[in-house]
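Numbering of the sequence shown is given in the working numbering, commencing with residue 578 and proceeding in unit increments. Using N, Cα and C, we set each Cβ at its ideal position, and we do this for glycine too.
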Amino acid sequence: MNAFFKSLGTTSDQMLLCAGQTFYMVFAALFLGSVIGIIMAVTLVLTNKDGILRNKSVFFTVNTVINVVRSVPFIILMVFIMPFTKWLVGTRIGTTAALVPLTIFIAPYLARLFENSFLDVDKGIIEAAQSMGASVFQIIWHFLLPEARGSLILSLTTGTIGLLGATAMAGAIGAGGVGDLALTYGYERMNFPLMLFTVIVLIAFVQIIQSVGNHFAFKTRSR
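Put into C-alpha coordinates, the structure is as follows:
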(Lines of atoms letter the chains of each structure in order from A and count residues from 1; the text may use other names and numbers.)
(Lines give C-alpha, C1' and ligand atoms only; values in the text may rest on other atoms or scores of the structure.)
Protein backbone atom coordinates (compact mmCIF):
# COMPACT_ATOMS: atom_id res chain seq x y z
CA MET A 1 0.00 0.00 0.00
CA ASN A 2 2.83 2.41 0.90
CA ALA A 3 4.46 1.61 -2.43
CA PHE A 4 1.25 2.63 -4.22
CA PHE A 5 1.09 5.99 -2.44
CA LYS A 6 4.82 6.59 -3.00
CA SER A 7 4.21 6.11 -6.72
CA LEU A 8 1.69 8.97 -6.44
CA GLY A 9 4.20 11.21 -4.68
CA THR A 10 2.62 10.95 -1.24
CA THR A 11 2.33 8.55 1.71
CA SER A 12 -0.49 6.61 3.32
CA ASP A 13 -0.09 8.67 6.52
CA GLN A 14 -0.42 11.91 4.59
CA MET A 15 -3.49 10.64 2.75
CA LEU A 16 -5.13 9.57 6.03
CA LEU A 17 -4.30 12.95 7.57
CA CYS A 18 -5.85 14.80 4.63
CA ALA A 19 -8.95 12.58 4.68
CA GLY A 20 -9.32 13.22 8.42
CA GLN A 21 -8.99 16.98 7.88
CA THR A 22 -11.66 16.87 5.18
CA PHE A 23 -14.08 14.92 7.40
CA TYR A 24 -13.40 17.30 10.29
CA MET A 25 -14.07 20.41 8.20
CA VAL A 26 -17.16 18.99 6.51
CA PHE A 27 -18.96 17.60 9.53
CA ALA A 28 -17.98 20.30 12.04
CA ALA A 29 -19.08 23.04 9.63
CA LEU A 30 -22.19 21.01 8.75
CA PHE A 31 -23.22 20.77 12.39
CA LEU A 32 -22.68 24.46 13.10
CA GLY A 33 -24.25 25.51 9.81
CA SER A 34 -27.25 23.24 10.37
CA VAL A 35 -27.99 24.75 13.77
CA ILE A 36 -27.81 28.29 12.39
CA GLY A 37 -29.59 27.32 9.18
CA ILE A 38 -32.54 25.66 10.87
CA ILE A 39 -33.03 28.66 13.16
CA MET A 40 -33.03 30.98 10.15
CA ALA A 41 -35.37 28.70 8.19
CA VAL A 42 -37.86 28.38 11.03
CA THR A 43 -37.77 32.16 11.46
CA LEU A 44 -38.54 32.67 7.76
CA VAL A 45 -41.42 30.20 7.80
CA LEU A 46 -42.98 31.60 10.97
CA THR A 47 -42.67 35.27 9.99
CA ASN A 48 -43.62 35.18 6.31
CA LYS A 49 -46.96 36.58 5.11
CA ASP A 50 -48.67 33.22 5.71
CA GLY A 51 -46.80 32.37 8.91
CA ILE A 52 -48.21 32.10 12.40
CA LEU A 53 -45.93 34.90 13.65
CA ARG A 54 -46.16 37.33 10.71
CA ASN A 55 -43.46 39.95 10.96
CA LYS A 56 -42.35 41.79 7.81
CA SER A 57 -39.29 43.38 9.41
CA VAL A 58 -37.86 40.13 10.78
CA PHE A 59 -38.63 38.24 7.58
CA PHE A 60 -37.05 40.93 5.40
CA THR A 61 -33.91 41.09 7.55
CA VAL A 62 -33.29 37.34 7.67
CA ASN A 63 -34.20 36.87 4.01
CA THR A 64 -31.81 39.66 2.98
CA VAL A 65 -28.92 38.25 5.03
CA ILE A 66 -29.41 34.84 3.42
CA ASN A 67 -29.52 36.30 -0.10
CA VAL A 68 -26.47 38.52 0.44
CA VAL A 69 -24.24 35.78 1.86
CA ARG A 70 -25.35 33.28 -0.77
CA SER A 71 -24.49 35.73 -3.56
CA VAL A 72 -20.81 35.92 -2.53
CA PRO A 73 -18.53 33.21 -4.02
CA PHE A 74 -16.91 31.11 -1.30
CA ILE A 75 -13.32 31.99 -2.20
CA ILE A 76 -14.13 35.73 -1.92
CA LEU A 77 -16.11 35.23 1.29
CA MET A 78 -13.23 33.29 2.80
CA VAL A 79 -10.70 36.06 2.11
CA PHE A 80 -13.10 38.90 3.00
CA ILE A 81 -13.84 37.61 6.53
CA MET A 82 -10.23 36.79 7.40
CA PRO A 83 -10.08 39.58 10.04
CA PHE A 84 -13.22 38.15 11.66
CA THR A 85 -11.74 34.64 11.51
CA LYS A 86 -8.56 35.91 13.18
CA TRP A 87 -10.61 37.60 15.92
CA LEU A 88 -12.77 34.53 16.49
CA VAL A 89 -10.27 31.66 16.49
CA GLY A 90 -6.96 33.49 16.81
CA THR A 91 -5.59 32.60 13.37
CA ARG A 92 -6.37 33.10 9.69
CA ILE A 93 -4.94 29.80 8.48
CA GLY A 94 -5.40 26.14 9.30
CA THR A 95 -8.16 23.59 9.48
CA THR A 96 -9.96 25.16 12.44
CA ALA A 97 -9.78 28.63 10.87
CA ALA A 98 -11.46 27.22 7.77
CA LEU A 99 -14.52 26.30 9.84
CA VAL A 100 -15.51 29.97 10.13
CA PRO A 101 -15.95 30.71 6.40
CA LEU A 102 -17.28 27.20 5.78
CA THR A 103 -19.98 27.67 8.42
CA ILE A 104 -20.90 31.15 7.18
CA PHE A 105 -21.01 29.76 3.65
CA ILE A 106 -23.21 26.74 4.38
CA ALA A 107 -25.63 28.20 6.97
CA PRO A 108 -27.67 30.40 4.56
CA TYR A 109 -27.48 27.72 1.88
CA LEU A 110 -29.00 25.17 4.26
CA ALA A 111 -31.47 27.77 5.56
CA ARG A 112 -32.94 28.12 2.08
CA LEU A 113 -33.13 24.35 1.62
CA PHE A 114 -34.69 23.89 5.05
CA GLU A 115 -37.19 26.67 4.34
CA ASN A 116 -38.36 24.83 1.24
CA SER A 117 -38.68 21.63 3.26
CA PHE A 118 -40.84 23.36 5.87
CA LEU A 119 -43.00 25.06 3.25
CA ASP A 120 -43.81 21.64 1.79
CA VAL A 121 -45.46 20.59 5.07
CA ASP A 122 -49.24 20.48 4.73
CA LYS A 123 -50.65 23.71 6.20
CA GLY A 124 -53.61 21.71 7.48
CA ILE A 125 -51.29 20.02 9.99
CA ILE A 126 -50.18 23.39 11.37
CA GLU A 127 -53.77 24.62 11.51
CA ALA A 128 -54.80 21.46 13.35
CA ALA A 129 -51.99 21.97 15.86
CA GLN A 130 -53.12 25.55 16.44
CA SER A 131 -56.73 24.47 16.92
CA MET A 132 -55.55 22.06 19.64
CA GLY A 133 -53.90 24.97 21.45
CA ALA A 134 -50.29 24.00 20.73
CA SER A 135 -47.68 26.66 21.47
CA VAL A 136 -45.27 27.92 18.82
CA PHE A 137 -42.48 25.74 20.20
CA GLN A 138 -44.75 22.69 20.26
CA ILE A 139 -45.81 23.32 16.65
CA ILE A 140 -42.16 23.49 15.60
CA TRP A 141 -40.93 20.52 17.64
CA HIS A 142 -43.85 18.11 17.38
CA PHE A 143 -45.34 18.95 13.99
CA LEU A 144 -43.10 20.99 11.66
CA LEU A 145 -39.80 19.16 12.22
CA PRO A 146 -41.21 15.59 12.19
CA GLU A 147 -43.27 16.20 9.06
CA ALA A 148 -40.33 17.70 7.17
CA ARG A 149 -37.77 15.17 8.43
CA GLY A 150 -37.31 13.22 5.18
CA SER A 151 -36.87 16.39 3.14
CA LEU A 152 -34.51 17.83 5.78
CA ILE A 153 -32.27 14.77 5.48
CA LEU A 154 -32.01 15.27 1.73
CA SER A 155 -31.24 18.96 2.30
CA LEU A 156 -28.44 18.00 4.69
CA THR A 157 -27.12 15.57 2.10
CA THR A 158 -27.01 18.30 -0.53
CA GLY A 159 -25.32 20.65 1.93
CA THR A 160 -22.71 18.05 2.84
CA ILE A 161 -21.75 17.56 -0.79
CA GLY A 162 -21.55 21.33 -1.26
CA LEU A 163 -19.24 21.59 1.74
CA LEU A 164 -17.03 18.85 0.39
CA GLY A 165 -16.37 20.99 -2.68
CA ALA A 166 -15.78 24.09 -0.57
CA THR A 167 -13.09 22.35 1.51
CA ALA A 168 -10.96 22.10 -1.63
CA MET A 169 -11.00 25.89 -1.99
CA ALA A 170 -10.27 26.22 1.73
CA GLY A 171 -6.84 24.85 0.92
CA ALA A 172 -5.97 28.41 -0.13
CA ILE A 173 -5.71 29.32 3.56
CA GLY A 174 -3.75 26.22 4.50
CA ALA A 175 -6.77 24.25 5.67
CA GLY A 176 -5.44 20.93 4.43
CA GLY A 177 -7.75 18.16 3.30
CA VAL A 178 -7.94 16.00 0.19
CA GLY A 179 -8.60 18.99 -2.07
CA ASP A 180 -5.52 20.77 -0.78
CA LEU A 181 -3.48 17.61 -1.41
CA ALA A 182 -4.66 17.63 -5.03
CA LEU A 183 -3.75 21.30 -5.47
CA THR A 184 -0.44 21.39 -3.58
CA TYR A 185 1.06 18.02 -4.45
CA GLY A 186 -0.89 17.35 -7.62
CA TYR A 187 -1.59 20.49 -9.65
CA GLU A 188 1.39 22.62 -8.53
CA ARG A 189 3.82 19.74 -9.15
CA MET A 190 2.04 18.62 -12.34
CA ASN A 191 1.44 15.22 -10.72
CA PHE A 192 -1.52 13.98 -12.79
CA PRO A 193 -1.79 10.50 -11.18
CA LEU A 194 -2.21 12.09 -7.72
CA MET A 195 -4.80 14.57 -9.02
CA LEU A 196 -6.71 11.70 -10.64
CA PHE A 197 -6.59 9.64 -7.46
CA THR A 198 -7.87 12.50 -5.28
CA VAL A 199 -10.69 13.13 -7.78
CA ILE A 200 -11.66 9.45 -7.50
CA VAL A 201 -11.57 9.69 -3.68
CA LEU A 202 -13.80 12.80 -3.71
CA ILE A 203 -16.23 11.12 -6.12
CA ALA A 204 -16.37 8.12 -3.78
CA PHE A 205 -17.09 10.45 -0.83
CA VAL A 206 -19.95 12.08 -2.76
CA GLN A 207 -21.45 8.74 -3.78
CA ILE A 208 -21.33 7.42 -0.22
CA ILE A 209 -22.83 10.60 1.25
CA GLN A 210 -25.63 10.70 -1.33
CA SER A 211 -26.43 7.01 -0.91
CA VAL A 212 -26.57 7.27 2.88
CA GLY A 213 -28.74 10.39 2.69
CA ASN A 214 -31.14 8.78 0.22
CA HIS A 215 -31.37 5.67 2.37
CA PHE A 216 -32.31 7.48 5.57
CA ALA A 217 -34.67 9.86 3.75
CA PHE A 218 -36.49 6.90 2.19
CA LYS A 219 -36.74 5.09 5.52
CA THR A 220 -38.07 8.22 7.20
CA ARG A 221 -40.70 8.80 4.53
CA SER A 222 -41.78 5.16 4.59
CA ARG A 223 -42.75 5.30 8.26
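- State whether the stretch 644 to 662 contacts the stretch 670 to 686, with contact taken as three or more CB pairs (one from each stretch) at a distance under 8 angstroms. yes
- Task: Enumerate in chain order the residues of its own chain whose CB-to-CB distance from V622 is below 8 angstroms, with the five nearest sequence positions on each side excluded.
- Result: G628, E692, F695, L696 and L721
- Message: Taking the straight line between their C-alpha atoms, what separation do you get for Q707 and I616?
- Response: 21 angstroms
- Task: Whole angstroms is fine: what's the gap from T735's alpha carbon to G751's?
- Result: Cα to Cα, T735 sits roughly 25 angstroms from G751.
- Query: Secondary structure at T588, three-state DSSP: helix, strand or coil?
  - Reply: coil
- Query: Hey, T599 and G754: beta-carbon distance below 7 angstroms or not?
  - Reply: yes
- Message: Can you find the residues in the same chain that come closer than 8 angstroms, C-beta to C-beta, to S658, ignoring five residues on each side of it along the sequence?
- Response: In the sequence as displayed, the identity of residue 658 is Ile instead of Ser. The answer, listed in chain order, is V677, P678 and I681.
- Task: Give, in chain order, every unbroken run of the alpha helix (DSSP H) that is at least 4 residues long and sits entirely within the stretch 678 to 758.
- Result: 700 to 708, 713 to 716, 726 to 746 and 755 to 758, all fully within the stretch 678 to 758.
- Message: Only counting the same chain, and skipping five residues up and downstream in sequence, which positions put a Cβ closer than 8 angstroms to that of L625?
- Response: The question names Leu, but residue 625 in the sequence shown is Asn. Cβ neighbours of N625 beyond the five flanking positions: R631 and F636.
- Task: May I ask you to report which of helix, strand or coil DSSP gives V649?
- Result: coil
- Task: Can you give me the Cβ contacts of I703 inside the same chain, cut-off strictly under 8 angstroms, excluding the 5 residues immediately before and after it?
- Result: Hits under 8 angstroms: I629, I716, F720 and L721.
- Query: Roughly how many whole angstroms lie between the Cα atoms of M772 and V639?
  - Reply: 40 angstroms
- Message: Am I right that G727 and R798 are in contact with their C-beta atoms under 8 angstroms? What's the rounded C-beta distance?
- Response: 4 angstroms
- Got a sec? Which residues, its chain only, sit under 7 angstroms from I786 by beta carbon, not counting five neighbours each side? T734, T737 and I738
- Message: Nearest by alpha-carbon distance to P650: which of F795, V698, Q591 and L740 is it?
- Response: L740
- Sub-7 angstroms separation of S732 and L690 beta-carbons: yes
- Item | C595 and L758 closer than 7 angstroms at C-beta | yes
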